[in-house]
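Colleague: Dumping the structure here so I can ask a few things about it.
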Amino acid sequence: MDRLASMETFVRVVETGSFSGAARQLRVGQPAVSKSVAQLEEYLGVKLLTRSTRGLTPTEAGLGYLERARRALEEAAEAELAARGAGAGLKGRLRICAAVTFARIHLIPLLPKFLAQHPELELEVVLDDRQIDLVQEGIDVALRMGKMTDSTLTARRIARCKRLVLGTPAYFDRAGTPSTPSELSKHQAVIYLQEGSIWSFRRESSELAVTVQSRLRVTAAEGVRAAVLADVGLSIASEWMFSPELRSGAVRAVLSEWTLPVLDLWAVLPTGRSATAKARAFVDFFERTFNG
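Following my numbering, the numbering of the sequence shown begins with 479 at its first residue and continues without gaps.
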């Protein structure tokens, strides 16, 4: 029995709550996962898991073993990295999750450099605007924007940017350019459902909340981009979402003397799992390169 492999299998079973979930993450058959856990229980002489209507749950002995197994796996990964040497690169698979638009514009273009630095590393990039369950999906690190409301997650803020009121020159030529936030009520807005239709502005000590009118509401940032670029209306968006068009002049920002709440970018690690050397290396690389 490979003790480290059995430890990892057990940890994945607990984190996913099922043999099948662990099998998907480990890319093996479900019988192999069941056999590995059974061999580990036989080796230890204790029962680690119990079945219930809610699925698989660790026993008292299993809970104690779980945390030590996690530490052992992390220490083994650190030992392997140290043995290879700092310049030898990383191996294996790294699963990264990010929002579709942000990944397309900012993440994917940086990955060739990261892959070149680590020739034996494989990346899987999961693109999803939703905040998916990192453990269930086997995600090693996620890039998320906005407020971190889940205090159980391990998160590190790696960047911050402005939100802007944006539209195309053609739209402003047709509908006029607003000079104050209150004039936005006369405009057609493209609403990103994650942002909502109430926009809050600040200028020095003044604060103003505006409810905008919209005939188009979109659930994904790519749809907001497409609608704005089709001259449907103006929208609130981060500089990141329209950075190519802001540089080219295809869209422009208005009401620049007013500010909106800034947008934070976080590197998030799954609950209950120590950051792997691969995840830490990626976060360090992305933070340094993205902000460089």
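Backbone N, C-alpha and C fix where the C-beta goes; we use that ideal spot for every residue, glycine too.
If you compare alpha carbons, which of E519, D709, A557 and F650 is closest to G540?
Modeller: G540 has its Cα closest to that of E519, out of E519, D709, A557 and F650.
Colleague: Let me check understanding here. Comparing Cα to Cα, which of T767, N769, G770 and A757 lies closest to E600?
Modeller: When only C-alpha atoms are compared, the closest one is A757.
Colleague: Fully enclosed by the stretch 634–671, which beta strand (DSSP E) runs are 3 residues long or longer?
Modeller: As far as the stretch 634–671 is concerned, its whole beta strand (DSSP E) runs of at least 3 residues are 641–645 and 666–670.
Colleague: Please classify N769 as buried or exposed, where buried requires at least 16 other C-beta atoms within 10 Å of its C-beta.
Modeller: N769 is exposed by the Cβ-count criterion.
Colleague: Would you tell me roughly how many angstroms separate the C-alpha atoms of L724 and S496, rounded to the nearest one?
Modeller: Approximately 47 Å between the Cα atoms of the pair.
Colleague: Can you list, in chain order, the residues of its chain whose CB lies under 6 Å from that of Q508, leaving out five sequence neighbours each side?
Modeller: Contacts found: F497, S498 and A501.
Colleague: Do D742 and R608 have their C-beta atoms within less than 9 Å of each other?
Modeller: Cβ distance not < 9 Å, so D742 and R608 don't count as in contact.
Colleague: Is it true that the CB of S713 sits closer than 9 Å to the CB of I669?
Modeller: Going by C-beta atoms, I669 is nearer than 9 Å to S713.
Colleague: Within 8 Å, do at least three Cβ pairs link the stretch 757–767 to the stretch 728–739?
Modeller: No, the stretch 728–739 does not touch the stretch 757–767.
Colleague: Could you give the C-beta distance for T646 and A594, rounded to a whole number, given that I count them as a contact under 8 Å?
Modeller: That pair is no contact at about 37 Å.
Colleague: Please state whether the Cβ-Cβ distance between L522 and V492 is less than 9 Å.
Modeller: The answer is no: Cβ separation not under 9 Å.
Colleague: Could you check where the alpha helix (DSSP H) with S503 kicks off and where it finishes?
Modeller: One detail in the question is off: residue 503 reads as Gln in this sequence, not Ser. Q503 -> alpha helix (DSSP H) spans F497 to L504.
Colleague: Return the first residue and the last residue of the beta strand (DSSP E) that Q691 is part of.
Modeller: Run containing Q691: Q691 to V696, per the beta strand (DSSP E) assignment.
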